[in-house]
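**Student:**
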Amino acid sequence: MLERRDKEITDLKRRVANMVVVGKISHVDHKNARYRIKSGNLVSDWIPDTQARAGKTRSYEGRDVGEQVVVVSSSGDLSQGVIIGSIHTDAHQAADKGSIHRTIYPDGTTFEYDDEQNSYSIHIKSGGKFILTIADGVSLKG
3 MLERRDKEIT
13 DLKRRVANMV
23 VVGKISHVDH
33 KNARYRIKSG
43 NLVSDWIPDT
53 QARAGKTRSY
63 EGRDVGEQVV
73 VVSSSGDLSQ
83 GVIIGSIHTD
93 AHQAADKGSI
103 HRTIYPDGTT
113 FEYDDEQNSY
123 SIHIKSGGKF
133 ILTIADGVSL
143 KG
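For our numbering, count along the sequence shown from 1 and bump the result up by 2.
1) Nearest-angstrom Cα distance between residue 105 and residue 9?
2) When you compare each of 12, 116, 112 to residue 127 by their alpha carbons, which one comes out closest?
3) Answer yes or no: do residue 25 and residue 39 have a C-beta to C-beta separation smaller than 8 Å?
4) Output needed for residue 18: all residues of its chain with C-beta closer than 7 Å, excluding positions within five of it in sequence on either side, in chain order.
5) Give the straight-line distance between the Cα atoms of residue 124 and residue 142, rounded to the nearest whole angstrom.
6) What is the residue span of the beta strand (DSSP E) that residue 26 lies within?
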């Protein structure tokens, strides 16, 4: 009886510890939008991540191997978890002030909006292209 109770307590402790896990992406399957996460010695099964939109209007921002993420699993079973976000590291810092909304791509291309300056800028590295396709024309006001 005590042995069974000890096993149940151990299982509950494990589940509570696995409700929120910080780890790094170890494997990527962009086609199926899923990832495997390494935290300590543990490597998860394939799990999904959250996106800003996933219905008729949808967006997808794939994550990278080595990216530090937070996984939440309400049951404590990591195979039922979902990635809820990424954590900035010393190697990949966020913007230097709160009014900056910035996306930086691996080649150094940046998209940046500064809501204090009302300024939107796109910087494309040498050799890159900017392609804009509009079916019925364009109107620009300055």
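Note that beta-carbon positions come from the ideal geometry of N, C-alpha and C, so glycine has one too.
Note that this is a predicted model, so its numbers are computed, not measured.
**Tutor:** The structure says:
1) If you number the sequence shown from 1, residue 105 lands on position 103. If you number the sequence shown from 1, residue 9 lands on position 7. Answer to the nearest angstrom: the Cα atoms are 47 Å apart.
2) Mapped onto the sequence shown, residue 127 falls at position 125. Residue 112 is the option with its Cα nearest to residue 127.
3) Within the sequence shown, residue 25 is the residue found at index 23, counting from 1. Within the sequence shown, residue 39 is the residue found at index 37, counting from 1. With respect to the 8 Å criterion, residue 25 and residue 39 are classified as neighbours on the basis of their beta carbons.
4) Against the sequence shown, residue 18 aligns to sequence position 16. Taken in chain order, the residues that qualify are 78.
5) Along the sequence shown, read from residue 1 onward, the residue named residue 124 stands at position 122. Along the sequence shown, read from residue 1 onward, the residue named residue 142 stands at position 140. C-alpha separation (whole angstroms): 17 Å.
6) The residue labelled residue 26 in the question sits at position 24 within the sequence shown. Taken as a continuous stretch (DSSP letters only), the beta strand (DSSP E) holding residue 26 covers 22-31.
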